[in-house]
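Shown next, in structure tokens, is the structure this report addresses.
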Amino acid sequence: MQIHYGFDTLPPLRRTAVAVGSFDGVHRGHRLLIRQLNHIAHHDLAPDGESVVVTFDPHPRQVLKGNNRLLSTLPEKLELLAETDVDHVVVVHFTPEFSRIDSETFTQHYLKGMLHAETVLSGEGHHFGHNRSGTADLLERDGIHTANLGRFENISSTAIRTAIEAGDMATATEMLGGPYLILTTPPHDATKLLPPDGEYRVECSGCGTVIARLHIDNHLFQCDNLPERIRILGK
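Quick note: the sequence shown, position 31, residue 106 per this note's numbering, numbers continuous.
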């Protein structure tokens with residue numbers, strides 16, 4: 076997986092299948108979408124096709140609506156996306172100015188002009204551009220094929236956040252497709268969503284895969300011989 080910080084850092088691309096979104100948590104729905112994205116790029120657009128995920132940092136809701144706890148910090152999101160075998164990830168620095176780009180400009184300048192997108196794949200209710208004015212009809216009119224996977228078993232980043240806030244790690248794990256990931260290096264990000272205060276069983280990697288206890292108190296956590304990666308299993 077190649078990571079590009081901004082569209083200007085992209086290498087020359089010929090034919091791409093693109094998905095645009097926050098991908099917070101990289102949950103089971105996201106992974107299904109990216110599997111389909113890879114299939115389109117590597118089969119329907121072969122031999123030159125490449126899959127591209129466009130995501131944002133900071134999260135658009137943090138910029139436009141203020142504080143919003145996230146399932147994944149940027150380093151965590153990139154690590155999770157690397158597991159999907161997507162070819163390229165473009166990290167767009169999201170600002171109020173970027174949010175005001177209209178859907179036609181986003182389509183013509185970024186999707187067609189810089190990404191050479193032939194297919195855009197999305198989930199249910201996906202819109203893009205200023206005031207969410209961009210639709211599948213707009214893309215089709217501009218010569219970009221669209222595919223919509225719909226909603227995947229009522230899984231969403233919002234539903235996962237709700238489960239974690241309630242300490243329901245079993246439900247969160249089911250929707251995520253695996254235990255909740257925390258990277259401890261670099262230092263813990265205050266925007267990262269943690270479950271309620273208490274002790275949790277965790278799987279630690281970076282020091283061999285072992286089961287340990289994680290103590291969370293006032294959004295701080297402690298664990299013996301704190302490893303680089305922690306995955307929360309439950310109470």
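Think of the CB as a built atom: it goes at the ideal place given N, C-alpha and C, for glycine as much as any other residue.
Annotation for residue 182: no alpha helix (DSSP H) segment contains it, and DSSP assigns it neither H nor E. By the Cβ neighbour-count rule, residue 99 is buried, with 16 or more other Cβ atoms within 10 Å of its own.
Ranked by Cα distance from residue 91, the first of 308, 85, 165 and 120 is 120. In this structure, residue 101 places its C-beta atom within 8 Å of the C-beta atom of residue 155.
Residue 292 and residue 273 have their alpha carbons spaced roughly 7 Å apart.
With contact defined as three or more Cβ pairs closer than 8 Å, the stretch 129–145 and the stretch 166–174 are in contact. According to the DSSP assignment, residue 112 belongs to no beta strand (DSSP E) but to the alpha helix (DSSP H) extending over 103–114. Nearest in C-alpha terms to residue 213, of all of 186, 238 and 258, is 186. Taking residue 181 as reference, the option from 158, 162, 112 and 209 with the minimal CA-CA separation is 209. The residues 135, 138, 139 and 205, in chain order, have a CB closer than 8 Å to that of residue 174 in the same chain once the five nearest residues on each side in sequence are set aside.
Distance between residue 183 and residue 234, taken at the CA atoms: about 33 Å. For residue 174, the enclosing alpha helix (DSSP H) has its first and last residue at 171–174. Each of 203, 245 and 150 was checked against the Cα of residue 267, and the nearest Cα belongs to 150. For residue 117, the CB contacts under 7 Å within the same chain, skipping 5 residues up- and downstream, are 124 in chain order.
Pairing residue 227 with residue 104 gives a Cβ-Cβ distance under 8 Å. Bridge partners of residue 306 according to DSSP: 256 and 278. Taking C-alpha positions only, residue 216 is separated from residue 160 by approximately 30 Å.
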